[in-house]
Amino acid sequence: MVKKKIFDIAPRQGKKSDEPKIVAAKSVKRADLEQPDKKNKIIPLSVGMVILAAAALSYFYIPHKAKIDIWPKKNSLEETADVLVGKTKKGDNFVQGEILQVEKTVSQAFTAQSKKIKSTKAQGIVRVYNNFSTSPQILVANTRFVSNDGKLFRVSEKITIPGGHYDGGKLVAGVIDAKIVADQPGEDYNIGASTFSIPGFVGTPKYTAFYAKSSDPMTGGEKREVTYVTQEDLDNAKNVLVKIAPDASDTAVRGLISSGKYILINGAISTAVADFKSSVAAGDEASDFSAQIKSTTKAVVVSNQGLIDFAKSYIGKKLLPEEKLIESSVKAEYSPESVSLEKNELVLKVAISAQSHSVPEESRMKDMIKSKNIQEIESILKGVSSIEKAKVEFWPFWVNLAPDDFDGIEVALHLD
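In structure tokens:
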């Protein structure tokens, strides 16, 4: 059983006095003894001697202990300071800041709205023959060639048809390959292999001696309505992405802050968008396309712990020599004085509040009460003005003095 001595140190009711009032409450020891039947139960003398011996050994050899619970009087403290938050220390009132930066690429599909008639001309390669003479023949650009079925084509550039040569008395035609393009757009000019005459030689001997042949079909001729991408389509896509992209990177940064580790100051976050890209260019034929843009959000933040550590250090320097800071009571409220995202710096007005106490050091308290009885401890604690309330417990229950060694004395300071 633990013997408890409780001292409530508080002003007396009614009459005011600086001297604390001490109320002691002692534990009650109770022994319930059942009277034995003298006729039937006899306690052997040896058993009684063993019990007495055990009690004696317990008294002398069980370690004595004392526990002192102390509730100190608390002093309220308040201070304000201008604090620089940044990456590089400048002055004493400085808290290390951190730069949180997230880049997100946002993409989206878009639909092209404009239509136009796509007109292209068929084209292909023909071999042109000079079966007229050994002299070369020049054909200017846009010289006409007409196919067997009457389709008109034109040579795309000036050509010179080599002259023929005689082999065994027979003229062998000179030849050259040339590109011809249909005179009009459309699929009708995508003709198969054909023979072409040159209308410019009609009525002359050259008409039958100069001609062309194609071995492959003409291709590429068409005339149809198509959807295409305009510069306006690209500008609209960019405007849409510029509006929605910042939310992606901003949300990501705020997600890092929401853990409670960091403090975000109003105005200490910014977002920029750049690097717009599209899967198509203006004028490209497409009914839909995709586009993307990059959004970058940067925030200059300070950790909660960093601000509290500064507050503890700052207000700790204001304490009197005998005062001790109650660290759990330290609070720091802040408001922005200035923000410079270019320099990655903030200036905060920090209001610090805390509590302190002046209870003597633990070793001193132990030295004051060692080997003392209840009355002496009571008198000692009454004389310590920094104590609001105290409680003393001795163990085992028969102990009337505090131990004479520090190891047997426990001092518990209650700061909550």
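Numbering (the working numbering), first residue to last: 74 to 489. Just so you know, even glycine gets a beta-carbon here, dropped at the ideal spot from N, CA and C.
Contact annotation: the region 241–248 touches the region 194–210, with at least three C-beta pairs closer than 8 Å. By the C-beta density criterion, Asp323 is buried, having at least 16 other C-beta atoms within 10 angstroms.
Leu225: member of the beta strand (DSSP E) spanning 225–228, first to last residue. For the 8 Å CB-CB criterion, Lys224 and Pro258 do not form a contact.
In this structure, the CA atom of Asn446 is about 4 Å from the CA atom of Leu474.
Under the 10 Å beta carbon count, Val484 is surrounded by 16 or more other beta carbons and is classified as buried. Annotated three-state conformation of Lys464 is strand, per DSSP. Beta-bridge annotation (DSSP): Pro394 is not paired with any residue.
Assignment of Gln196 by DSSP, reduced to helix, strand and coil, places it in the strand class. Distance check between Val353 and each of Glu305, Val373, Leu337, Lys371 places Glu305 closest, using alpha-carbon atoms only. 8 Å or more divides the Cβ of Phe269 from the Cβ of Tyr280. Judged by their CB atoms, Ala355 and Val179 are not nearer to each other than the 8 Å cut-off. With a minimum length of 4 residues, the unbroken runs of alpha helix (DSSP H) contained wholly in the region 282–360 fall at 304–330. Between the region 334–342 and the region 384–393, the count of C-beta pairs closer than 8 Å stays below three; the two stretches do not touch.
By the 16-neighbour rule on beta-carbons within 10 angstroms, His430 is buried.
Boundaries of the beta strand (DSSP E) around Gln169: 167–184.
Secondary structure note for Leu380: its alpha helix (DSSP H) is the uninterrupted segment 377–389.
Close CB contacts of Phe383 within its chain, under the 7 Å cut and outside five residues either way in sequence, are with Val156, Val168 (chain order). Note that the C-beta distance between Ala154 and Gly481 is not below 8 Å. Exposure of Ser436 is indicated by the presence of fewer than 16 other C-beta atoms within 10 angstroms of its C-beta. Asn312 and Lys416 have their C-alpha atoms spaced approximately 30 Å apart.
Taking C-beta separations shorter than 7 Å and ignoring five residues to either side along the sequence, the partners of Pro409 in its chain run Ile338, Asn339, Gly340, Leu419, Leu421, following chain order. Here the alpha carbons of Val412 and Ile342 stand approximately 10 Å from one another. Annotation for Leu454: the continuous alpha helix (DSSP H) segment containing it runs 447–455. Gly170 and Pro136 have their C-alpha atoms roughly 53 Å apart. Excluding residues up to 5 positions away in sequence, Gln428 lie with their Cβ nearer than 7 Å to the Cβ of Ser149 in the same chain.
In this model, Val423 and Glu152 are separated by some 8 Å (Cα to Cα). In this structure, the CA atom of Thr344 is about 59 Å from the CA atom of Val457. Taking 8 Å as the cut-off, the beta carbon of Phe226 is found no closer than this to the beta carbon of Ala251.
Under the criterion of beta carbons closer than 8 Å, Gly294 and Ala195 qualify as touching, at roughly 3 Å.
Closest in alpha carbon position to Glu395, among Glu434, Asn377, Ile381, is Glu434.
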